[in-house]
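In what follows, a single structure is set out as structure tokens and then discussed.
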Amino acid sequence: METDALSRFLRQNWARVKTGFRPEKPTVAQFEEHLVIRAVNGITILVAAFFLVGSMITFYFVKNEVAKLVLIALFTTAFSGCIGVITSARRAEIFAATAAYAAVLVVFVSSGLQIHRCHWSPVVRIVLVQAG
Numbered sequence: 001m002e003t004d005a006l007s008r009f010l011r012q013n014w015a016r017v018k019t020g021f022r023p024e025k026p027t028v029a030q031f032e033e034h035l036v037i038r039a040v041n042g043i044t045i046l047v048a049a050f051f052l053v054g055s056m057i058t059f060y061f062v063k064n065e066v067a068k069l070v071l072i073a074l075f076t077t078a079f080s081g082c083i084g085v086i087t088s089a090r091r092a093e094i095f096a097a098t099a100a101y102a103a104v105l106v107v108f109v110s111s112g113l114q115i116h117r118c119h120w121s122p123v124v125r126i127v128l129v130q131a132g
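In full-length UniProt numbering, the protein residues as written are 1 to 132.
Next comes the structure, spelled out in structure tokens:
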């Protein structure tokens, strides 16, 4: 059974309450574990997609360099917080994941990834001409 904060939250708030002899004092809280696991997995997938794709789309449209630096800080902070809530990772693991994520963002922003300005190598041009 997962012990992360998101799983605990869903278990505590998603429970169906069954009552004992007195309806005003519930005695049993019940939930289906496989539904909690599915919900946590779905939320994790959506959060991961948001942080990877959402940050790339945001940086594509932002042209101001200072704004990009602020966005790197905001995305990295939010990523760190989400990793702390969604997983049961230790502090060192959260720090390593956050550093890796920040490095990816910095590389993405510094490279610009402007495909329309890309200089294709002669080999790639030959392959593209022959394929077309």
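C-beta atoms are modelled at their ideal positions from N, C-alpha and C, and glycine is treated no differently.
Considering only the beta carbon of each residue, do residue i and residue j sit closer than 8 Å?
i, j, result
"ILE94", "LEU6", "no"
"ASP4", "SER111", "no"
"ILE72", "VAL109", "yes"
Residue i: which of the options sits nearest, CA to CA?
i, options, result
"ALA103", "SER88, LEU10, LEU69, VAL36", "LEU69"
"THR98", "PHE51, VAL109, THR58", "PHE51"
"THR77", "VAL66, VAL62, ALA100, PHE108", "ALA100"
"VAL107", "SER55, SER88, ASP4", "SER55"
"HIS34", "TRP14, PHE79, ALA92", "TRP14"
Count the other CB atoms within 10 Å of the CB of residue i; is the residue buried (16 or more) or exposed (fewer)?
i, result
"LEU10", "buried"
"PHE75", "buried"
"LEU105", "buried"
"ILE83", "buried"
"VAL66", "exposed"
"PHE61", "exposed"
By DSSP, does residue i sit in helix, in strand, or in coil?
i, result
"VAL107", "helix"
"TYR60", "helix"
"residue 134", "One cannot answer for residue 134 here, as it falls past the ends of the chain, which runs 1 to 132."
"SER88", "coil"
"VAL44", "Note that residue 44 corresponds to Thr in the displayed sequence, not to Val. In this structure, THR44 counts as helix in the three-state DSSP scheme."
"THR77", "helix"
"GLU32", "coil"
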